[in-house]
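**Student:** Just so we're aligned, residue 39 is where the sequence shown starts under the numbering used here, counting upward by one.
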Amino acid sequence: MRDYTKKNKKKASRAFRKKIKKPLDIKGFFRKGLKVVVSFTIVVASAGVLYGCWFYVMTTPYFKLSKINIEGNSQATREDILEAASLDNDTNIFSLNISDVGRRVEAIPWVNKVSMERVYPDALKISIVERTPFALMNLGRFYYFDEGGNIFALANSSVGWNFPVFSGIDKGSLLEGEERTIALIDEGIGLLKLLKRSDGDISPENIAELNLDDNSGITLYMVKGKPPVHLGRGDFERKLIHAQRVYSDLKRKGIRAARLDADFEDRVLVKVAI
39 MRDYTKKNKK KASRAFRKKI KKPLDIKGFF RKGLKVVVSF TIVVASAGVL
89 YGCWFYVMTT PYFKLSKINI EGNSQATRED ILEAASLDND TNIFSLNISD
139 VGRRVEAIPW VNKVSMERVY PDALKISIVE RTPFALMNLG RFYYFDEGGN
189 IFALANSSVG WNFPVFSGID KGSLLEGEER TIALIDEGIG LLKLLKRSDG
239 DISPENIAEL NLDDNSGITL YMVKGKPPVH LGRGDFERKL IHAQRVYSDL
289 KRKGIRAARL DADFEDRVLV KVAI
């Protein structure tokens, strides 16, 4: 027979034990609260100090921009650069967004790259790398362009005219960015770079004009009475070797040529001057 009385007594004892509670630790509670208050006070005080320092730095005349030093510019004038930079003398040097200023200065046609440097406490250094004219392009007027094919300025007497001229380019096609026109210009640039690395009479110093034609390709027009040399399109290194060899042979023999056509795989056609 089960002892139900004993089992009920165990349950009552367990229930009684659950009702027992620990005394409230008032001192510990206040210690924790005090730590929170002190920590919060330190954070607020630190933030106040930092804000005060920031406010001083951003408003004191000591850090106001008062000097702008520009180096590396030749064609882009100081006035052009300052106008593009659009800087105020009251500008704080710490609040100056040099990336934005750099982008504005790089928009000047002659400027290729620009770097900016804060010179504490109150100066800004602007270093300019200008574009170098690679050749001239005849688009009704003569323009300088760099070896990347970027047209950036009208030709002028201060820089000079002593550059090979790219002619035969359709201005409308160029402005519309037609691929065939861009590809032809790129071929001309590649050819001129190749010529700068080669020796012989067919050299950049002796070339007055590169005529670019969509159908027939590229023809070099020489200076000082030298004959034009037709190269067509592509495979310029091999064609130039043949043309240079034939031109040197004609020169040695005293034969005056009116035109050389090297747009062939293994020969050069020579039109002899009458």
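Beta carbons: idealized from backbone N, C-alpha and C, even for Gly.
Tell me which residues share the same chain as glutamate 275 and place their Cβ nearer than 7 Å to its Cβ, disregarding the 5 neighbours each side in the sequence.
**Tutor:** Apart from the 5 residues on each side of it in sequence, glutamate 275 sits with its Cβ closer than 7 Å to the Cβ of Leu232 in its chain, given in chain order.
**Student:** Going by DSSP in three states, asparagine 150 sits in which element: helix, strand or coil?
**Tutor:** Strand at asparagine 150.
**Student:** In chain order, which continuous runs of the alpha helix (DSSP H) of length 4 or greater are located wholly inside the region 95-129?
**Tutor:** 116-123, all fully within the region 95-129.
**Student:** Pull up the distance between the alpha-carbon of aspartate 301 and that of asparagine 253, whole angstroms please.
**Tutor:** Straight across, the Cα-Cα distance linking aspartate 301 with asparagine 253 is about 13 Å.
**Student:** Apart from the five residues on each side of it in sequence, which residues of its chain come closer than 8 Å, Cβ to Cβ, to tyrosine 94?
**Tutor:** At tyrosine 94 the pLDDT is 46, less than 50, meaning the model places this residue with poor confidence; the figure from the coordinates comes in the next sentence. Counting only Cβ-Cβ distances below 8 Å, and skipping sequence neighbours, we find nothing.
**Student:** Restricting to runs no shorter than 4 residues, where is the alpha helix (DSSP H) found entirely within the region 176-212?
**Tutor:** none
**Student:** Candidates Tyr100, Ile245 and Val149: which alpha carbon is nearest alanine 123's?
**Tutor:** Among Tyr100, Ile245 and Val149, the Cα nearest to that of alanine 123 is on Val149.
**Student:** Hey, asparagine 244 and valine 261: beta-carbon distance below 9 Å or not?
**Tutor:** A Cβ-Cβ contact shorter than 9 Å links asparagine 244 with valine 261.
**Student:** With DSSP collapsed to three states, give me the class of tyrosine 259.
**Tutor:** strand
**Student:** Alpha carbon to alpha carbon, what distance is there between arginine 169 and alanine 145?
**Tutor:** As the crow flies, the alpha-carbon of alanine 145 is around 12 Å from that of arginine 169.
**Student:** Do you know offhand how far glutamate 117's Cα is from leucine 307's?
**Tutor:** In a straight line, the C-alpha of glutamate 117 is about 55 Å away from that of leucine 307.
**Student:** Where proline 202 and serine 153 are concerned, what is the direct C-alpha to C-alpha distance, given to the nearest angstrom?
**Tutor:** 31 Å
**Student:** Under 6 Å Cβ to Cβ from arginine 186, same chain only, skipping five residues before and after it: list those, please.
**Tutor:** Checking the sequence shown, residue 186 turns out to be glycine, not arginine. None.
**Student:** I'd like to know whether the C-beta atoms of isoleucine 240 and leucine 278 end up nearer to each other than 9 Å.
**Tutor:** Against a cut-off of 9 Å, the Cβ pair of leucine 278 and isoleucine 240 comes out as a contact.
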